[in-house]
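Okay, structure first, notes after.
Written as structure tokens, this is what we have:
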């Protein structure tokens, strides 16, 4: 079964890793949000892309959900001693990714080529693509004005009240060739349990139209998000956060929807085939089992 | 006694540190070569400036003569794993200096302001100035064509045969105000035992004219350099490397010259007052004692 997974950061990376444990590498393609990418300290940083790659490569920090395992912090600590910005925590190993990526981008290599090379270096056999080689930047409209995503997310800890989103550059952005081909030949597209507003919507806007069956996994469990501001965003936009709200978000193209056991009562209200299962991924085994459930569900559609 | 020291990297940093141990901080100003500065991995790297500051701040690696003590190498190791350039060894702590300096330069701060801030952060009370806030780049003319200095020095290990030097941008470069004022009010200018061709000449070309007594310390001892390619450069330029050759290099403005005991026989040939003493600086005590000798020598002129 050939699968294309659409993923943001942590939750998306976990399910992608689960799928990787259940599929031959050539049958899994992951298309990753780059709307959260930003420039910091002169470096181009791609948080979701790195989280997905670090997770697939077994390099991710399981405690934080971002950055690398066995990380050291000597550079950022010294930047802070010099009075520089320390709010975005760049580990020493992680910094190598950003420095080398930025160097190659300046040399004219595309983000997808660079990602391919990095995956090779990290022993990742699945195809991982940024949603586009063009620059797209998620801007968060808040009660304090429009903020760049990382400014809102990391620097301001998601405190400003959300009023809407804008994906700067999205009109001109197209998926790279390999990603488009994978989308055309996939048996199904899996929307990972990532933030619908800021992780998945940018990818969907770049892809524009999906001609294959789409199954989404709810990132909201019992009205809450495992990590990140998705539930807070729903509330601030006047929508009660729930798996139902997520299913409605994707309703126009959804073939199947996966929600947690705790939300089983919502299943009947969802206008798509549903799978009710345990969706929390606390361990590697959880990831593999949820992915297996999702694949069986796709097979049954 | 108010002293201005002109310094390149290792040897210059050591004598500057010796002078710092013998003078009240407000009486020592160090003007540092920036002709070796270069752009690498998108960062502006100032090797001599950093060596001088790390040495004065007690942060230098005493083993290597460059970089920081108790350094870790996680970033550069990972850059190499990604196929990136590892030939210029950037330690994790050291990298903070380059990242934060580059960030500030891009914000429009001058190199001298940044250096002042960094010195404050590192507890350095002496005034340390780059020779200019303008960009000057030492280019080495070799039998393999013209090479940027770090390309010649680090990447090519000084192997190509030297034919001459060019200091790109030097015509437009001026000393910063504080450095100029220190030069005007100094009791003497000390040329540290740095490479005359590539560490001291660029500073002298920027300063243009020194109106105060100048004392130089030979970087060549017994026909050899303690570190670096100065002796090799003299030979390739058709001049026998010796303390005498260094004294002749500076002859037009030299008040006094300091050479090593092993070169005492050259003393009579030098057209300036000389001090023959132990000039090798293997320990902190060596630095302080040589500096004391130099200061007494200046007092006697």
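Protein chains in written order, with this note's numbering: chain A, 1 to 301; chain B, 1001 to 1301. Don't be surprised by glycine CBs; every beta carbon is placed ideally from N, CA and C.
Taking 8 Å as the threshold, the shortest C-beta distance from residue 1095 (chain B) to chain A falls below it. Chain-ordered, the chain A residues with CB closer than 8 Å to the CB of residue 1118 (chain B) read 82.
Contact residues of the region 1098 to 1130 of chain B toward chain A are 1099, 1100, 1102, 1103, 1106, 1117, 1118, 1121 (C-beta to C-beta distance below 7 Å). Residue 83 (chain A) has its alpha-carbon roughly 34 Å from the corresponding atom of residue 1227 (chain B). Within the region 1146 to 1172 of chain B, no residue places its CB atom closer than 7 Å to a CB of chain A. According to the DSSP assignment, residue 1269 (chain B) belongs to no alpha helix (DSSP H), since it is labelled neither H nor E. A straight-line Cα-Cα distance of about 25 Å links residue 1219 (chain B) and residue 1025 (chain B). Taking all protein chains shown into account, residue 172 (chain A) has fewer than 16 neighbouring C-beta atoms within 10 Å of its C-beta and is therefore exposed.
Residue 1242 (chain B) is classed as buried because its beta carbon has at least 16 other beta carbons within 10 Å across all chains shown. Taking a beta-carbon distance threshold of 8 Å, residue 92 (chain A) counts as an interface residue toward chain B. With three or more CB-CB distances shorter than 8 Å, the region 46 to 66 of chain A counts as touching the region 109 to 122 of chain A. Interface criterion met: the Cβ of residue 1041 (chain B) is under 8 Å from a Cβ in chain A. Residue 127 (chain A) and residue 29 (chain A) do touch by the CB rule: their CB atoms are close to 4 Å apart, below 8 Å. Against chain A, the CB of residue 1283 (chain B) has no partner CB under 8 Å away; the residue lies outside that interface.
Within the region 1052 to 1082 of chain B, 1072, 1074, 1075, 1078, 1079, 1081, 1082 place their CB atoms closer than 7 Å to a CB of chain A, listed in sequence order. Residue 140 (chain A) sits in a strand when the DSSP states are folded into three classes. Short of 7 Å from the beta carbon of residue 1054 (chain B), and not among the five residues preceding or following it, lie these beta carbons of its own chain, in chain order: 1060, 1068. Collapsing the DSSP output to three states places residue 1054 (chain B) in a helix. If you look at residue 1289 (chain B), you'll find it in the alpha helix (DSSP H) that goes 1284 to 1300. For residue 1166 (chain B), same chain residues with a beta-carbon under 6 Å away, outside a window of 5 residues either side, are 1139 in chain order. In the DSSP assignment, residue 202 (chain A) falls within the unbroken alpha helix (DSSP H) covering 201 to 207. Residue nearest to residue 262 (chain A) within the set A:224, A:89, A:1 is A:224 (criterion: CA-CA distance). For a cut-off of 8 Å, the C-beta gap from residue 42 (chain A) to residue 1102 (chain B) is around 5 Å, short enough to register as a contact. Looking at the DSSP output, residue 1127 (chain B) shares a beta bridge with B:1029. In this structure residue 1216 (chain B) does not touch residue 1018 (chain B) by the C-beta definition: roughly 15 Å separates them, more than the 8 Å allowed. Comparing alpha-carbon positions, the option among A:232, A:90, A:288 lying closest to residue 64 (chain A) turns out to be A:90. A residue is called buried when at least 16 other Cβ atoms come within 10 angstroms of its Cβ; residue 268 (chain A) does not meet this threshold and is exposed.
Residue 1168 (chain B) sits close to residue 1136 (chain B), with the two beta carbons spaced by under 8 Å. With contacts defined by Cβ atoms closer than 8 Å, residue 52 (chain A) and residue 16 (chain A) form a contacting pair. Around the beta carbon of residue 1265 (chain B), a 10 Å sphere encloses fewer than 16 other beta carbons of the protein chains shown; the residue is thus reported as exposed. If you compare the alpha carbons of B:1176, B:1116, B:1222, B:1096 with that of residue 1278 (chain B), the shortest gap goes to B:1222. Bounds of the alpha helix (DSSP H) holding residue 1077 (chain B) are 1074 to 1081.
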